[in-house]
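J.:
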Ligand code: ADP
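Residue numbers (my numbering): 1 to 459.
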């Protein structure tokens, strides 16, 4: 329905797996103006009206008719606020997500049966645990346990106290729960108010106690109710044996031939050399992903390794990085190519056709790309951080199957690219063994979905 990164993948897959375990997980999200909206049929399930400060708004909740995603999907339509093409990045994001949160609480308060648990994701939904407990209008929902998952603690959704009138009337004795360093901080508020807090990997939870964009002390203080649960991947969608977005399907026995056909298509499309190792980067072009050093790291790697490697980048984000990549594309044509934008099907082809996937992230809460790479037999080259540390083992270690480095720096990346080239050119048997070994590592939601269920049951 809508995806900017890993959160979309998680919320699109986890409820399906939970339902398969015999539960009833329903998803409610804003009604963005996306292709999925127009290509599917919807029924109206609720209409309501609410107040946000002195702004009166009507909202509607619609439900996808056929359950095609494996769970009930509800969208909240708030005229002029939510139905836009982009998910976020507008000046009025505060109002947009506040209105969404108010509408969801209001709709929940009209349900005949209360939900057993409300599970919220990231700052856009982070005031819901507070609203359910301390906003007078939703008082009767105060005993519903809430779980809050942090996918990314960098984005906290700060709101100036001058705008606190936008919140529904609340118990003013509780203002301290909203506050963090003289601002309303939705993410911090959820960490304080939710019954349980989860992060998307164990290492990320530990890292947040050291650095969490200003809320590290709070993460330490709330240690007792926090746990890390590693994200899984949707093994039906990300399956090289059945994926119809790639040129040739393959399994672990046919990985060599299968990947070669996909690589051929990629190289033809992007003017690259099929005989050289192909390293790809897929992701948001932002500082967290170390995208700012990517152009220099690519240039340096190509010069340093005498042009013995090709790169392909798919991503969008920071305009400066986009321009630098475009420049690189022209300067080193035949060695590098880029696709600036978002393209789901190209990403599938890249996971299938590449030899290596580069993730030099400064911060990586879980990271799904490396898990898709493993599933498609593509060797991940990652910085040792967060979820990358939890899912990739260096090939220098016992039964290792990837390449790890310590610093998000041009030097570390160049060195690791050298190891990749050597592995590809001179240790082909090991490389081939790694490809089929990685494909059999189970990162599906089967295990993690059960962990969430146990967490809900504990509440
Ligand atoms: P994050 O959530 O921090 O962006 P993740 O690794 O958890 O990072 O998830 C990224 C997801 O977004 C993956 O499914 C990846 O394939 C996808 N993705 C990111 N950028 C693009 C893009 N430009 N085109 C297609 N898919 C993309």
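Don't be surprised by glycine CBs; every beta carbon is placed ideally from N, CA and C.
Tell me where the beta strand (DSSP E) around residue 380 begins and ends.
T.: Mapped onto the chain shown, residue 380 falls at position 380. Run containing residue 380: 379 to 383, per the beta strand (DSSP E) assignment.
J.: Buried or exposed: which applies to residue 314, given that a residue is buried once 16 or more other Cβ atoms fall within 10 Å of its Cβ?
T.: Position 314 of the chain shown, counted from the first residue, corresponds to residue 314. With 16 or more Cβ atoms within 10 Å of its Cβ, residue 314 is classed as buried.
J.: With a threshold of 8 Å (Cβ to nearest heavy atom), would residue 243 be considered close to the ligand ADP?
T.: Sequence index remark: in the chain shown, residue 243 carries index 243 (1-based). Because no heavy atom of the ligand ADP lies under 8 Å away, the Cβ of residue 243 does not count as near it: no.
J.: How big is the Cα-Cα spacing for residue 194 and residue 135?
T.: Sequence index remark: in the chain shown, residue 194 carries index 194 (1-based). Sequence index remark: in the chain shown, residue 135 carries index 135 (1-based). If I take the Cα positions, the gap works out to 15 Å.
J.: Confirm, please, whether the CB-CB distance from residue 167 to residue 178 is below 9 Å.
T.: One-based indexing of the chain shown puts residue 178 at position 178. One-based indexing of the chain shown puts residue 167 at position 167. Yes. Within cutoff.
J.: Measure the Cβ-Cβ separation of residue 84 and residue 123 and say whether it is below 9 Å.
T.: On the chain shown, position 84 is the one that residue 84 refers to. On the chain shown, position 123 is the one that residue 123 refers to. No, Cβ-Cβ distance for residue 84 and residue 123 is not below 9 Å.
J.: Looking only at C-alpha atoms, which of 37, 256 and 285 sits nearest to residue 319?
T.: Within the chain shown, the letter at position 319 stands for residue 319. The option with the nearest alpha carbon to residue 319 is 285.
J.: To which residues of the same chain is residue 256 closer than 8 Å at the C-beta, ignoring the five residues directly before and after it?
T.: Indexing the chain shown from 1 puts residue 256 at position 256. Only 432 and 435 meet the Cβ criterion.
J.: CB residue 161 to CB residue 144, shorter than 9 Å?
T.: Locating residue 161 in the chain shown gives position 161, where the first residue counts as 1. Locating residue 144 in the chain shown gives position 144, where the first residue counts as 1. No.
J.: With DSSP as the reference, identify every bridge partner of residue 149, one or two as the case may be.
T.: In the chain shown, counting from the first residue as 1, residue 149 sits at position 149. The partner list for residue 149 (beta bridge, DSSP) reads 121 and 198.
J.: Using 8 Å as the threshold, is the region 328 to 345 in touch with the region 220 to 234, meaning 3 or more CB pairs across them?
T.: Taking 8 Å as the limit for Cβ pairs, the verdict is that the region 220 to 234 does not touch the region 328 to 345.
J.: Extract the residue ranges of the beta strand (DSSP E) inside the region 220 to 293, only unbroken runs of 3 or more that lie entirely within it.
T.: List check, beta strand (DSSP E) in window: 226 to 228 and 278 to 285.
J.: Taking Cβ to Cβ, would you say residue 296 is nearer than 9 Å to residue 392?
T.: One-based indexing of the chain shown puts residue 296 at position 296. One-based indexing of the chain shown puts residue 392 at position 392. Taking 9 Å as the Cβ cut-off, residue 296 and residue 392 do not qualify as a contacting pair.
J.: Please go through the same chain and pick out, in chain order, the residues whose beta-carbon is closer than 7 Å to the beta-carbon of residue 5, but skip the five residues on each side of it.
T.: Counted from its first residue, the chain shown places residue 5 at position 5. Within the same chain, residue 5 has close Cβ partners 284.
J.: Flag this pair as yes or no: are the beta carbons of residue 459 and residue 196 separated by less than 9 Å?
T.: Here the question's residue 459 lines up with position 459 in the chain shown. Here the question's residue 196 lines up with position 196 in the chain shown. It is a contact, given that the beta carbons lie within the stated cut-off.
J.: Using a Cβ-Cβ cut-off of 7 Å (strictly less than) and excluding sequence neighbours within five positions of residue 164, which residues of its own chain qualify?
T.: Along the chain shown, read from residue 1 onward, the residue named residue 164 stands at position 164. Hits under 7 Å: 184.
J.: Kindly indicate the opening and closing residues of the beta strand (DSSP E) around residue 66.
T.: The sequence position of residue 66 within the chain shown is 66, counting from 1. No beta strand (DSSP E) contains residue 66, which DSSP labels as neither H nor E.
J.: Between 261, 263 and 300, which lies nearest to residue 416 when the distance is taken from Cα to Cα?
T.: Along the chain shown, read from residue 1 onward, the residue named residue 416 stands at position 416. The option with the nearest alpha carbon to residue 416 is 300.
J.: Please name the residue, chosen from 216, 423, 170 and 385, that lies closest to residue 356 on a Cα-to-Cα basis.
T.: In the chain shown, residue 356 corresponds to position 356, counting from 1. Nearest C-alpha to residue 356: 423.
J.: Can you tell me whether residue 365 sits near the ligand ADP, meaning its C-beta is under 8 Å from at least one heavy atom of the ligand?
T.: By one-based count along the chain shown, residue 365 stands at place 365. Because some heavy atom of the ligand ADP lies under 8 Å away, the Cβ of residue 365 counts as near it: yes.
J.: With respect to the beta strand (DSSP E) encompassing residue 49, which residues constitute its N-terminal and C-terminal limits?
T.: As a working note, residue 49 is residue 49 in the chain shown. Run containing residue 49: 42 to 52, per the beta strand (DSSP E) assignment.
J.: Can you have a look at residue 443 and say buried or exposed, based on whether 16 or more other CB atoms are within 10 angstroms of its CB?
T.: As a working mapping, residue 443 is identified with position 443 in the chain shown. It is buried - the Cβ of residue 443 has at least 16 other Cβ atoms within 10 Å.
J.: In terms of DSSP beta bridges, what is residue 31 paired with?
T.: Counting from one through the chain shown, the residue named residue 31 turns up at place 31. DSSP, once it has assigned bridges, lists no residue as partnering residue 31.
J.: What are the partner residues of residue 98, as DSSP defines its beta bridges?
T.: Residue 98 sits at position 98 when you count from the first residue of the chain shown. Bridge partners of residue 98: none, in fact.
J.: Identify every residue that forms a DSSP beta bridge with residue 317.
T.: Within the chain shown, numbered from 1, the residue matching residue 317 stands at position 317. The partner list for residue 317 (beta bridge, DSSP) reads 285.
J.: Does at least one heavy atom of the ligand ADP sit under 8 Å from the Cβ of residue 4?
T.: Translated into positions along the chain shown, residue 4 becomes position 4. Correct: residue 4 has its Cβ closer than 8 Å to the ligand ADP.
J.: Less than 8 Å separating the Cβ of residue 372 from some heavy atom of the ligand ADP?
T.: Translated into the one-based positions of the chain shown, residue 372 becomes position 372. For the ligand ADP, at least one heavy atom lies less than 8 Å from the Cβ of residue 372.
J.: When you measure from the CB of residue 201 to every non-hydrogen atom of the ligand PLP, does any distance come out below 8 Å?
T.: Judged by which ligands are present, the ligand PLP is missing from the structure shown, whose ligands are the ligand ADP.
J.: So the candidates are 334, 303, 292 and 302; which of them puts its Cα closest to the Cα of residue 324?
T.: What you label residue 324 is simply residue 324 of the chain shown in a count that begins at 1. Ranking 334, 303, 292 and 302 by Cα distance to residue 324 puts 292 first.
J.: If you reduce the DSSP assignment to three classes, tell me which class residue 109 lands in.
T.: As a working mapping, residue 109 is identified with position 109 in the chain shown. DSSP places residue 109 in coil when its eight states are reduced to three.
J.: Does DSSP classify residue 435 as helix, strand or coil?
T.: Taking the chain shown and counting its residues from 1, the one referred to as residue 435 is at position 435. If DSSP states are grouped into helix, strand and coil, residue 435 belongs with the helices.
J.: Where does residue 440 fall in DSSP's three states?
T.: Start at 1 with the first residue of the chain shown, and residue 440 comes out as number 440. Residue state, collapsed to three classes: coil.
J.: Can you tell me whether DSSP reads residue 104 as helix, strand or coil?
T.: Your numbering for residue 104 matches position 104 in the chain shown. Residue 104 falls in the helix class under three-state DSSP.
J.: Taking only the alpha-carbon atoms, compute the straight-line gap between residue 105 and residue 141 and give it to the nearest angstrom.
T.: What you label residue 105 is simply residue 105 of the chain shown in a count that begins at 1. What you label residue 141 is simply residue 141 of the chain shown in a count that begins at 1. Taking the straight line from one Cα to the other gives about 9 Å.
J.: Indicate, with yes or no, if the ligand ADP has a heavy atom lying under 8 Å from the CB of residue 282.
T.: Translated into positions along the chain shown, residue 282 becomes position 282. Yes - the ligand ADP has a heavy atom lying nearer than 8 Å to the Cβ of residue 282.
J.: What are the start and end residues of the alpha helix (DSSP H) that includes residue 10?
T.: Sequence index remark: in the chain shown, residue 10 carries index 10 (1-based). Element bounds for residue 10: 6 to 20.
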